[in-house]
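Q: One structure, as C-alpha cells, below. Some questions next.
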Amino acid sequence: MLLERIRTEPGPHAVAVVIAVALGLLFSWLHWFGLVVGGALVSVLAPNLRRGVVGAVAFGAVVLVAFAFALGSSTWIVIEMTPVVYLVVASAFGLPVLGSLLRGLL
C-alpha cells in the first residue's frame with residue numbers, strides 16, 4: 001500500500017527517491033555492491049520497469065559525478081587512464097541497471 005502510494009504520488013515519490021539515492025551513494029562509498037543496491041532501491045520506487053531502468057542509469061550518472069568530485073584536482077589524471085576509466089564508467093552504469101531488474105520481480 002505504501003509502496004504503491006510512493007510510486008504514484010509525486011511528493012512522496014520525490015522524497016523517497018532522494019533517500020534511495022543517498023542510501024545508494026552511502027553503500028557505493030563502502031563497497032562496489034552498493035551500486036547494485038542503489039540501482040535496486042531507485043528502481044523499486046519507479047512506477048514501471050522501464051522507468052526503473054532509467055532511474056538506475058540516472059543513479060549511475062550521479063555516482064560518477066560524486067566520484068569525480070571526490071577525486072578533486074586529480075579528476076583529469078584519472079580520465080586520461082583510458083583502460084581503467086572504461087571499467088569505471090561501465091560499472092557505474094551497468095551495476096545499477098543490474099540492480100534495477102529487481103523492479104521486474106516486484
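Per my numbering, the very first residue in the sequence shown carries number 1; after that it's consecutive.
Ideal Cβ placement from N, Cα and C applies to all residues, glycine included.
The structure displayed is predicted, hence computed values, not measured ones.
Considering Pro83, what are the terminal residues of the alpha helix (DSSP H) in which it resides?
A: Segment 82-100, the alpha helix (DSSP H) holding Pro83.
Q: Identify the continuous alpha helix (DSSP H) that holds Trp32 and give its terminal residues.
A: Note, Trp32: premise wrong, no alpha helix (DSSP H); not H, not E.
Q: Would you call the CB atoms of Gly38 and Ser100 closer than 7 Å?
A: no
Q: Taking C-beta to C-beta, are Leu3 and Leu95 nearer than 7 Å?
A: no
Q: What does the alpha-carbon distance come out to for the pair Val85 and Val65?
A: 13 Å
Q: Apart from the five residues on each side of it in sequence, which residues of its chain come closer than 6 Å, Cβ to Cβ, to Gly107?
A: With the chain running from 1 to 106 in the structure shown, residue 107 is simply not present.
Q: Would you report the Cα separation of Ile19 and Met81, rounded to the nearest angstrom?
A: Taking the straight line from one Cα to the other gives about 33 Å.
Q: Please classify Val15: is it buried, with 16 or more other beta-carbons within 10 angstroms of its beta-carbon, or exposed?
A: exposed
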